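Asker: Here the sequence shown is numbered in our numbering, starting from 6 and rising by one per residue.
By construction, the Cβ of each residue, glycine as well, lies at the ideal position given by its N, Cα and C atoms.
Predicted model, so just to flag it, every value in this text is computed and none were measured.
I'd like to ask you about the structure that follows.
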Amino acid sequence: MAEQTRTGSRGTRTRSTARTSTEAAPAPRRRPKNRKAQIAAVAAEAFSERGYHGVGIDEIAAAVGISGPALYRHFPNKYALFRDAALSLGTTLGTAVAEADEDAVDDPAEWLDRLLLAAIRTTVECRRTAGLYRWENRYLTAEDRSEVRSVIWGVNRRVGAALAALRPDLPEPDNVLLSAAMLSVVGSITAHRAPLSNRRIERLLLDACRSVAAVRLEAAGPSRAAAVRTPGLAVANKREVLLHEAILLFHARGYHDVSIEEIGAAAGINASGVYRHFASKSDLLAAAFHRAADRLSVAVNTALADSTSPAEALRALTDVYVRLSFAQSELMSVYFTEIGSLPAAHRTDLRNIQRLNVEEWARLLADVRPGLSAVECRFLVHAALNLVLDIGRLMHFEPTPSNESRVQQLMLVTLLGNSAPRETNS
6 MAEQTRTGSR GTRTRSTART STEAAPAPRR RPKNRKAQIA AVAAEAFSER
56 GYHGVGIDEI AAAVGISGPA LYRHFPNKYA LFRDAALSLG TTLGTAVAEA
106 DEDAVDDPAE WLDRLLLAAI RTTVECRRTA GLYRWENRYL TAEDRSEVRS
156 VIWGVNRRVG AALAALRPDL PEPDNVLLSA AMLSVVGSIT AHRAPLSNRR
206 IERLLLDACR SVAAVRLEAA GPSRAAAVRT PGLAVANKRE VLLHEAILLF
256 HARGYHDVSI EEIGAAAGIN ASGVYRHFAS KSDLLAAAFH RAADRLSVAV
306 NTALADSTSP AEALRALTDV YVRLSFAQSE LMSVYFTEIG SLPAAHRTDL
356 RNIQRLNVEE WARLLADVRP GLSAVECRFL VHAALNLVLD IGRLMHFEPT
406 PSNESRVQQL MLVTLLGNSA PRETNS
């Protein structure tokens with residue numbers, strides 16, 4: 006056996022430079038059995054945080070600790086990875102609620118609680134990834150999108166069946182609306198990162214859902230035919246026209262699938278003309294965000310100035326917010342769904358603006374409900390804001406007084422719980 010001699014302050018010692026026959030060779034590296042699941046979990050979180058177009062295959066591979074080519078052994082392309090993440094999330098939720106629905110329950114309230122708790126616990130567990138199917142499913146093919154929606158509507162129907170047992174006289178359209186509103190409240194926790202223990206999240210969301218389930222909605226109003234918007238006068242300012250058309254296109258197809266040339270064509274301006282008003286497409290998106298943020302700030306300031314108590318201010322805020330969301334649904338939808346498409350500097354600024362807006366609402370709510378902590382108030386504010394977009398979409402944002410009033414009722418009952426004002430008609 007070859008040896009190498011080293012002399013030190015404590016004398017001469019030897020170190021073996023060759024293995025003895027009894028020493029084992031390094032074991033070959035083996036691929037973990039759950040490698041595919043690891044990749045899917047990392048990808049789902051990345052897609053949920055930054056959107057489909059904001060995430061690269063190499064980035065996902067590096068986070069897992071493998072190379073890009075190694076990742077392709079599990080998923081042939083980025084879309085396959087995205088599709089797997091979206092379908093897995095929907096299936097996880099659907100399975101959890103279906104399992105909770107297996108055993109017969111005599112008490113309708115207990116039945117509904119059981120289903121809601123299953124949805125809440127699953128969403129809490131998948132909080133960092135569950136926003137994916139809500140905001141990014143526009144990038145799925147029509148067939149895959151239909152599959153995800155089918156699973157989610159299956160959850161809605163189960164919740165609706167329990168609600169029908171609890172309130173048998175509730176009209177079917179109201180049952181659908183309230184079921185969707187409860188699941189919107191649950192899903193709202195995927196839109197923010199406010200810290201709260203899982204147990205307190207469960208209690209808070211379940212109480213909010215119970216309040217939604219009990220609300221007596223204002224009677225439904227006129228049909229779609231009576232809700233046609235009048236177009237108004239055309240805007241001559243080219244910058245405003247560009248911004249308006251960009252918002253419509255971003256809403257319809259997503260920021261990344263729209264080009265500067267298409268925005269210019271929609272506004273009747275060539276591409277070079279667009280750059281005289283906006284340096285880039287991202288500047289157009291940032292301008293849309295600031296427009297929405299400014300209008301929300303004005304709404305908050307107006308509501309506060311015209312109110313004499315926190316409860317009155319919350320009623321005024323919800324009224325203004327709902328009317329703004331229905332009147333400019335495309336702008337508000339872009340505001341909440343495309344923030345991941347902004348450059349980092351813009352994104353940080355806008356998130357700070359959104360946070361300050363939520364904190365203003367939460368401060369008022371804390372005055373009305375002193376038993377809640379500041380963080381719990383923020384959770385409920387996010388839930389109330391979230392359901393405006395979800396229920397608005399369900400209503401196709403038809404701007405009837407009835408639709409707007411019903412959504413405001415849902416906001417108030419989510420914020421105020423059983424102390425919210427109730428209508429006497431069912």
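Give every residue of the same chain whose Cβ lies closer than 6 Å to the Cβ of residue 253, excluding the five residues on either side of it in the sequence, and list them in chain order.
Answerer: The sequence position of residue 253 within the sequence shown is 248, counting from 1. The answer, listed in chain order, is 335.
Asker: Identify every run of the alpha helix (DSSP H) within the region 75 to 133, keeping only runs that are complete inside it and at least 4 residues long; order them along the chain.
Answerer: If we require 4 residues or more, the alpha helix (DSSP H) runs fully inside the region 75 to 133 come out as 83 to 105 and 113 to 130.
Asker: Please determine, among 387, 119, 204 and 338, the residue with the shortest C-alpha to C-alpha distance to residue 362.
Answerer: Residue numbering aside, residue 362 sits at position 357 when the sequence shown is read from its first letter. The option with the nearest alpha carbon to residue 362 is 387.
Asker: Pop quiz: residue 102 and residue 124 are said to be a contact at Cβ under 8 Å. What is the actual Cβ separation, rounded to whole angstroms?
Answerer: By 1-based counting over the sequence shown, the position of residue 102 is 97. By 1-based counting over the sequence shown, the position of residue 124 is 119. Right, the Cβ-Cβ distance comes to about 6 Å (below 8 Å), so this counts as a contact.
Asker: Would residue 327 and residue 409 qualify as a contact pair, given that the criterion is a beta-carbon distance under 7 Å?
Answerer: Here residue 327 refers to the residue found at position 322 when the sequence shown is read from its first residue. Here residue 409 refers to the residue found at position 404 when the sequence shown is read from its first residue. Cβ distance < 7 Å, so residue 327 and residue 409 count as in contact.
Asker: Rounded to the nearest angstrom, how far is the Cβ of residue 186 from that of residue 217, given a contact under 8 Å?
Answerer: Translated into positions along the sequence shown, residue 186 becomes position 181. Translated into positions along the sequence shown, residue 217 becomes position 212. The Cβ separation is near 5 Å, so the contact holds.
Asker: What did DSSP end up calling residue 58 once you bin it into helix, strand or coil?
Answerer: What you label residue 58 is simply residue 53 of the sequence shown in a count that begins at 1. It is coil, neither helix nor strand.
Asker: Drop a sphere of 10 angstroms on the beta-carbon of residue 250, count the other beta-carbons inside from all chains shown, and report buried for 16 or more, exposed for fewer.
Answerer: For the purposes of this step, residue 250 is taken as the residue at position 245 of the sequence shown. That one is buried.
Asker: Measure the alpha-carbon distance for residue 343 versus residue 279 and round it to whole angstroms.
Answerer: Position 338 of the sequence shown, counting from 1, holds the residue named residue 343. Position 274 of the sequence shown, counting from 1, holds the residue named residue 279. Straight-line Cα distance between these residues: approximately 21 Å.
Asker: Using C-beta distances below 6 Å, list every residue in its chain close to residue 79, excluding the 5 sequence neighbours before and after it, in chain order.
Answerer: For this step, residue 79 is matched to residue 74 along the sequence shown. Here the set comprises 41 and 44.
Asker: Go ahead and label residue 53 buried or exposed: buried means 16 or more other beta carbons lie within 10 angstroms of its beta carbon, across all protein chains shown.
Answerer: For the purposes of this step, residue 53 is taken as the residue at position 48 of the sequence shown. Flag for residue 53 reads buried.
Asker: In three-state DSSP terms, what is residue 274?
Answerer: Here residue 274 refers to the residue found at position 269 of the sequence shown. Coil at residue 274, not helix or strand.
Asker: Along the alpha helix (DSSP H) that carries residue 358, what are the first and last residues, could you check?
Answerer: Counting from 1 along the sequence shown, the entry for residue 358 is found at position 353. Counting along the chain, the alpha helix (DSSP H) containing residue 358 begins and ends at 349 to 373.
Asker: Distance, Cα to Cα, residue 144 vs residue 313?
Answerer: Taking the first residue of the sequence shown as 1, we reach residue 144 at position 139. Taking the first residue of the sequence shown as 1, we reach residue 313 at position 308. Their Cα atoms are separated by approximately 46 Å.
Asker: So, does the region 368 to 376 touch the region 349 to 358, judging by three or more C-beta pairs under 8 Å?
Answerer: Cβ pair count under 8 Å is below three, so no.
Asker: Roughly how many angstroms separate the alpha carbons of residue 238 and residue 245, rounded to a whole number?
Answerer: By 1-based counting over the sequence shown, the position of residue 238 is 233. By 1-based counting over the sequence shown, the position of residue 245 is 240. Confidence at residue 238 is low in this model, with a pLDDT of 43, below 50, so its placement is unreliable and the value that follows should be read with caution. Whole-angstrom Cα-Cα distance: 13 Å.
Asker: Flag this pair as yes or no: are the beta carbons of residue 339 and residue 282 separated by less than 7 Å?
Answerer: The residue you call residue 339 lines up with position 334 of the sequence shown. The residue you call residue 282 lines up with position 277 of the sequence shown. Not in contact: residue 339 and residue 282 (Cβ atoms no closer than 7 Å).
Asker: Can you have a look at residue 303 and say buried or exposed, based on whether 16 or more other CB atoms are within 10 angstroms of its CB?
Answerer: The residue you call residue 303 lines up with position 298 of the sequence shown. Residue 303 should be labelled exposed.
Asker: For residue 392 versus residue 415, is the C-beta distance shorter than 7 Å?
Answerer: Sequence index remark: in the sequence shown, residue 392 carries index 387 (1-based). Sequence index remark: in the sequence shown, residue 415 carries index 410 (1-based). Yes, Cβ-Cβ distance for residue 392 and residue 415 is below 7 Å.
Asker: Let's see if you can read the secondary structure: which residues bound the alpha helix (DSSP H) around residue 395?
Answerer: Locating residue 395 in the sequence shown gives position 390, counting from the first residue. First-last of the alpha helix (DSSP H) with residue 395: 379 to 399.
Asker: Would the region 71 to 85 and the region 125 to 133 be scored as touching if the rule is three or more Cβ pairs under 8 Å?
Answerer: Short answer: they don't touch.
Asker: Under the three-state reduction of DSSP, which class applies to residue 172: helix, strand or coil?
Answerer: Within the sequence shown, numbered from 1, the residue matching residue 172 stands at position 167. Residue state, collapsed to three classes: coil.
Asker: Which residues in the same chain have their Cβ closer than 8 Å to the Cβ of residue 105, if we skip the five residues on either side of it in sequence?
Answerer: What you label residue 105 is simply residue 100 of the sequence shown in a count that begins at 1. Here the set comprises 119, 120, 122 and 123.
Asker: Go ahead and pull the three-state DSSP assignment for residue 331.
Answerer: As a working note, residue 331 is residue 326 in the sequence shown. Residue 331: helix per DSSP, three-state reduction.
Asker: Given this structure, state the Cα-to-Cα distance separating residue 201 from residue 369, to the nearest angstrom.
Answerer: In the sequence shown, residue 201 corresponds to position 196, counting from 1. In the sequence shown, residue 369 corresponds to position 364, counting from 1. The alpha-carbon atoms of residue 201 and residue 369 are separated by roughly 20 Å.
Asker: With C-beta atoms as the reference, is residue 194 less than 7 Å away from residue 95?
Answerer: By 1-based counting over the sequence shown, the position of residue 194 is 189. By 1-based counting over the sequence shown, the position of residue 95 is 90. No.
Asker: Please classify residue 316 as buried or exposed, where buried requires at least 16 neighbouring CB atoms within 10 angstroms.
Answerer: Numbered from its first residue, the sequence shown carries residue 316 at position 311. With 16 or more other Cβ atoms within 10 Å, it is buried.
Asker: Can you tell me whether residue 230 is buried or exposed? The criterion is at least 16 other CB atoms within 10 Å of its CB, across all chains shown.
Answerer: Here residue 230 corresponds to residue number 225 of the sequence shown, with the count starting at 1. Any reading at residue 230 must be qualified, since the residue scores a pLDDT of 48, below 50, and its modelled position is unreliable; the value itself is stated next. Looking at its Cβ environment, which holds fewer than 16 other Cβ atoms inside 10 Å, residue 230 is exposed.
Asker: Please classify residue 148 as buried or exposed, where buried requires at least 16 other C-beta atoms within 10 Å of its C-beta.
Answerer: Taking the sequence shown and counting its residues from 1, the one referred to as residue 148 is at position 143. Exposed, since its Cβ has fewer than 16 Cβ neighbours within 10 Å.
Asker: Pull up the distance between the alpha-carbon of residue 263 and that of residue 271, whole angstroms please.
Answerer: For the purposes of this step, residue 263 is identified with residue 258 of the sequence shown, where counting begins at 1. For the purposes of this step, residue 271 is identified with residue 266 of the sequence shown, where counting begins at 1. In a straight line, the C-alpha of residue 263 is about 11 Å away from that of residue 271.
Asker: Use the C-beta contact count for residue 365: other C-beta atoms within 10 angstroms, 16 or more gives buried, fewer gives exposed.
Answerer: By one-based count along the sequence shown, residue 365 stands at place 360. By the neighbour-count rule (16 or more Cβ atoms within 10 Å), residue 365 is buried.
Asker: Mind checking which residues open and close the alpha helix (DSSP H) that includes residue 252?
Answerer: Position 247 of the sequence shown, counted from the start, is the residue given in the question as residue 252. Residue 252 -> alpha helix (DSSP H) spans 243 to 258.
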